[in-house]
Amino acid sequence: MHRPDGPDARPDLLVERGHHDMGGLPAGKVEPAEHDYAEWERRVDALMVLLTGVRGERKLMTVDELRKNVEAIAPEAYDTMSYYERWITSITQTMIQRGVITTDELARKLEQVQGRTEDPCRR
Amino acid sequence: MAQGADLGEYRPLTYFQLMEISLRELLVEKGVVSEQAIGDAVADMRARAPERGAKLVARAWVDPGYRERLLENGTRACEELGLEVPALRLVVVENTPALHNVIVCTLCSCYPRTLLGIPPEWYKSRNYRSRVVREPRAVLAEFGTRIPESVQIRVHDSTADMRYLVLPMRPAGTGGWSEERLAALVTRDCMIGVALPRQG
Amino acid sequence: MPPVAAPGGAAPRAQYPTGHPSLAARFAPGQRVRVRKAAPLGHVRTPWYVRGCSGAIERLCGAFPNPEELAQQRSGLPAQPLYRVRFLQRELWPDYRGRPEDTLEVEIFQHWLEPEAGP
């Protein structure tokens, strides 16, 4: 079992085994530290619960699509992103795939939000 | 909507925080979700905490019939105690003097959320997910938990629709204790299997 | 095409029967099975480290829509029987340091399993 990087990298091995499929791979010590989740992270979690229809609301996505889109995140990004950064990325991708939002709508909204939040005087 | 609680320190929003705001606003504009529903769901998840799982354990410790029902069908046993657990298919695995159980989701972070709340950061980490299946004793030692060499260890990887909870052994010196007092000995980490309940 | 069973109708008894139309359960608790050594694309919930390994059916969990299909916005029906499969750690890891009886249990969908003796 090995994870090739560098000059001997074999693309077939990198694709065959998903980067998320890590059971048994070498890794470091577990840091049992606690993490108090930020409000925005809790909102991402809440959005997942609502969109997957856990409480019987209209189901707009499945947890399987959430997982699939997390697994699709590039390995270096996967490793450096936080858990809820991966989730918001995945949920957003899923909403685009499902046609709930379009890429263009997202682009315009991101610009709008960025414009609003960049100037502290306007917050 | 106010961003977090960083009093006195202005930090520009990250790309991902901008994404969260943007997606949420788009979905609200389209009538897919409401700010109220999101707020309610945040509050709902906050209310789900390890204390709920500790109730099951304490009841099982004092009531052998309940213990059997808990092992037979964890979800029904939750509901029997008035614990609402939407979408949960709970499998409870019992520690014995000969066997210690520990839970992981190597592929992502599956966890009995609607019972215990959001899982801890370390449970979702690369280091835990990679190593606990292969060297459980060493990983448990990193939590300060030493399982005797004579005890068998069983690791459960939650890869599909079941969610797992460890039923720890009742500590010695707790005879006659109330359920409430017993439940206070049972931490989240005991129910994941990386810790043992405090002694009585 | 394997016969479709009535929900919860096939023996062995499913721990969590669901209401979905499902395939019949092929394996019984105690039976030795081997995980197929395949490496397909798409969304897969059979971990790499058990592929090609042999273990024993610990229980039939129930029959659930196939997550490989759900991930692709399809229904995943008919539901697939899902089993907990028990492996010996020393058979999964050549360098395993622990008791020889230490085990690992994973939930695996029926279509990833074959009888140990052969297909």
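Protein chains in written order, with the numbering used here: chain Z, 1 to 123; chain B, 1001 to 1200; chain V, 2001 to 2119. Even for Gly, the Cβ is constructed at its ideal location relative to N, Cα and C.
In three-state terms, what does DSSP make of residue i?
i, result
"L1196/B", "coil"
"P4/Z", "Confidence in P4/Z is poor, its pLDDT being 49 and thus under 50, which makes the residue's placement too unreliable to answer from."
"C2053/V", "coil"
"F1016/B", "helix"
"L1027/B", "helix"
"N69/Z", "helix"
"G2062/V", "strand"
"Y2016/V", "coil"
"E1084/B", "coil"
"A2039/V", "coil"
"L60/Z", "coil"
"R116/Z", "helix"
"L106/Z", "helix"
"A1049/B", "coil"
"T1114/B", "helix"
"I1147/B", "coil"
"V2004/V", "With a pLDDT of 39 at V2004/V, under the threshold of 50, the predicted position of this residue should be treated as unreliable, though the coordinate-derived value follows. Correct three-state label for V2004/V: strand."
"Y37/Z", "coil"
"D12/Z", "helix"
"H2111/V", "helix"
"Q2073/V", "coil"
"Q2080/V", "strand"
"T2103/V", "strand"
"R1188/B", "helix"
"M1001/B", "Summary for M1001/B: the model assigns pLDDT 45, below 50, so the residue's position carries little reliability, and this model does not support an answer."
"L25/Z", "coil"
"Y1164/B", "strand"
Does any heavy atom of the ligand ATP sit closer than 7 Å to the C-beta of residue i?
i, result
"L106/Z", "Although the ligand ATP was asked about, the structure shown includes no ligands whatsoever."
Out of the options, state which residue places its alpha-carbon closest to the alpha-carbon of residue i.
i, options, result
"V1092/B", "E1179/B, M1169/B, L1165/B and R1131/B", "L1165/B"
"Y83/Z", "G1074/B, A1183/B, A1087/B and C1110/B", "C1110/B"
"E31/Z", "R1154/B, V1186/B and Y1123/B", "Y1123/B"
"V44/Z", "R1048/B, D1063/B and E1035/B", "E1035/B"
"G53/Z", "A1060/B, V1033/B, R1069/B and Y1066/B", "V1033/B"
"Q2080/V", "G1065/B, P1064/B, W1177/B and D1161/B", "D1161/B"
"C2061/V", "T1159/B, L1081/B and V1057/B", "T1159/B"
"R2036/V", "G2052/V, L2092/V and S2022/V", "G2052/V"
"E1142/B", "A1054/B, R1154/B and D1189/B", "D1189/B"
"D12/Z", "Q2031/V, L2041/V and F2027/V", "L2041/V"
"L2088/V", "A2039/V, V2050/V, R2045/V and Q2015/V", "V2050/V"
"Q2073/V", "V70/Z, L14/Z, A72/Z and Q97/Z", "Q97/Z"
"P1097/B", "P1148/B, K1030/B, T1014/B and V1028/B", "P1148/B"
"F2109/V", "P2065/V, Y2096/V, Y2016/V and R2013/V", "P2065/V"
When you compare the CB positions of residue i and residue j, do they come within less than 8 Å of one another, or not?
i, j, result
"V1151/B", "V1132/B", "no"
"A46/Z", "V1042/B", "yes"
"H2043/V", "D64/Z", "yes"
"P1168/B", "V1186/B", "yes"
"M61/Z", "L50/Z", "no"
"E105/Z", "L1026/B", "yes"
"E2116/V", "V2033/V", "yes"
"I88/Z", "L1115/B", "no"
"R1069/B", "G1117/B", "no"
"R67/Z", "A2071/V", "yes"
"T2018/V", "W2112/V", "no"
"I1153/B", "G2055/V", "no"
"G1039/B", "M1191/B", "no"
Residue i versus chain Z: which residues are under 9 Å apart at the beta carbon?
i, result
"I1147/B", "Here the premise fails: no neighbours, minimum Cβ distance about 15 Å."
"Q2031/V", "Within chain Z, no residue comes near Q2031/V; the closest Cβ sits about 24 Å away, beyond 9 Å."
List, in order along the chain, the chain V residues whose C-beta lies closer than 8 Å to that of residue i?
i, result
"L1107/B", "R2045 and P2047"
Note down, in chain order, every chain Z residue with its Cβ under 8 Å from the Cβ of residue i.
i, result
"W2112/V", "Going along chain Z, no residue has its Cβ under 8 Å from W2112/V, so there is no contact; the nearest lies around 14 Å."
Check the Cβ of residue i against every Cβ in chain B and list those closer than 7 Å, keeping chain order.
i, result
"Q114/Z", "L1018"
"L25/Z", "S1130"
"G28/Z", "N1127"
"F2027/V", "In chain order: nothing, as chain B lies at least about 15 Å away."
"V2106/V", "D1157 and T1159"
"D45/Z", "M1045 and I1118"
List, in order along the chain, the chain B residues whose C-beta lies closer than 9 Å to that of residue i?
i, result
"E16/Z", "Result: empty, since nearest Cβ-Cβ is about 15 Å, beyond 9 Å."
"R10/Z", "Residues of chain B passing the Cβ test: none, with the nearest at roughly 20 Å."
"C2061/V", "R1089, V1091, A1160, D1161 and M1162"
"T89/Z", "F1016 and M1019"
"L106/Z", "M1019, S1022, L1023 and L1026"
Please list the partners that residue i has in chain V, where partner means a Cβ-to-Cβ separation under 7 Å.
i, result
"R1089/B", "Y2016"
"R1131/B", "In chain order: nothing, as chain V lies at least about 11 Å away."
"D21/Z", "P2047 and W2048"
For a contact defined as C-beta to C-beta under 7 Å, what are the partners of residue i on chain Z?
i, result
"L2070/V", "T62 and D64"
"A1041/B", "A46, V49 and L50"
"P2067/V", "D64"
Below 8 Å on C-beta distance, what does residue i contact in chain B?
i, result
"L110/Z", "L1018, M1019 and S1022"
Residues of the segment 1157 to 1169 of chain B whose Cβ lies closer than 8 Å to any Cβ of chain V, in chain order: Residues D1157, S1158, T1159, A1160, D1161 and M1162.
Interface positions of the segment 51 to 82 of chain Z facing chain V (Cβ-Cβ less than 7 Å), listed along the chain: Among the residues of the segment 51 to 82 of chain Z, those with a Cβ less than 7 Å away from any Cβ of chain V are T62, D64, E65, R67, K68 and E71, in the order of the chain.
Residues of the segment 1174 to 1196 of chain B with Cβ closer than 7 Å to any Cβ of chain Z, in chain order: none
Cβ-based contacts, 9 Å cut-off: residues of the segment 2073 to 2100 of chain V near chain B: L2082, R2084, R2086, Q2089, L2092, W2093, D2095, Y2096, R2097, G2098 and R2099
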